[in-house]
Every structure is written in C-alpha cells, then in structure tokens.
Amino acid sequence: MQLAYTILYVQDVPATLVFYQKAFGFKQKMLHESNDYGELDTGQTTLSFSSLSLMKELGKNPSSPQKEHPCFEVAFTTDNVPEAFDRALKSGAVSVQEPTEMPWGQTTAYVSDLNGFLVEICTPIIM
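The opening residue of the sequence shown carries number 436 in the working numbering; numbering runs sequentially from there.
Okay, structure coming up:
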C-alpha cells in the first residue's frame, strides 16, 4: 500500500489552487470542469481539494478547519524556511509561528492557509 493523495475540503477549489501555487510554488495538476475537485503536483503524494458542497451532496458531513484548534497539518519541506515563509505571507497566508530553530536541528514555521488549514514549512529532518 502507498499513500497516493490527501484531500482537504474547502469552500472554493479554484481559489485554493491559485493560493497554493502562489504561496508555495506548486503546479496545478488538474481541476475538474465542475470546479468541485482539483489537484496539485506536490511530488509522490498529491495534494487535492474537494468542495464542501460536493462532499455534502455525496452524503458526507465535512466541517471546516478551526484555526484555534487544528486537528492536523500539511507539511512542506524546503532548504530555506524564512524565504518560503515570507512568500507564503505575501500570498495571503497568516503567520502562526515564525521560523524557529528546533532543538533537534530542524527549522520550522507555521502558517494558516486561506481556508484556515495549518501548514508547516520546514527543513527536512536529517537522520
């Protein structure tokens, strides 16, 4: 078994794709003609977005993220966390934690995307 993709439920799929392209430099892999589903090319695992309205139509009952109480995060690695953090902020992300050197040697920063999802920007963990 292999992790293929992660799907985040959002109000506006096209706007979310544009945000992630600007904020993090990902390329759009696809956007369904309905605008209810789209994917980004993020490497081996695809980051996908589905509209809240589509999920409701399919009988799911998704909730929106709560900025004050995140239940998960999406993490992106980079060699230059401060630069990536600044780019994300200039693209509309909200700062949660400025770049910080962690005791184990990793640099991490956190932002909230336009939907309220927590996004970690970090250097790779070197073992």
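No residue lacks a Cβ here, since even glycine has one placed at the ideal position from N, Cα and C.
**OP:** Would you check if the distance between the CB atom of Thr-480 and the CB atom of Thr-441 is smaller than 8 Å?
**Re:** yes
Original post:
Tell me which same chain residues have a C-beta within less than 7 Å of the C-beta of Gln-541, skipping the five on either side of it?
Top reply: Cys-557, Thr-558 and Ile-560
Subject >> Asp-471, enclosing alpha helix (DSSP H) - first and last residue >> reply: No alpha helix (DSSP H) contains Asp-471, which DSSP labels as neither H nor E.
Subject >> Three CB pairs or more closer than 8 Å across the segment 477-494 and the segment 513-520 >> reply: no
**OP:** With DSSP as the reference, label Pro-534 as helix, strand or coil.
**Re:** strand
**OP:** On the DSSP bridge assignment, give the partners of Met-436 in chain order.
**Re:** DSSP, once it has assigned bridges, lists no residue as partnering Met-436.
**OP:** Would you kindly work out how many angstroms separate the C-alpha atoms of Leu-452 and Met-537, rounded to a whole number?
**Re:** 30 Å
Subject >> Residue from Glu-533, Gln-456, Tyr-472 and Met-465 whose Cα sits closest to the Cα of Asp-443 >> reply: It is worth fixing the name first, because residue 443 is Leu in this sequence and not Asp. Of Glu-533, Gln-456, Tyr-472 and Met-465, the residue nearest in Cα terms is Tyr-472.
Subject >> For Val-529 and Val-546, the rounded distance between their alpha carbons >> reply: 5 Å
Original post:
So which of Phe-484, Leu-438, Tyr-455 and Phe-459 has the shortest CA-CA distance to Gln-446?
Top reply: Phe-484
Original post:
How big is the Cα-Cα spacing for Ala-439 and Glu-533?
Top reply: 30 Å
Subject >> Whether Lys-464 touches Leu-475 by CB criterion (8 Å) >> reply: yes
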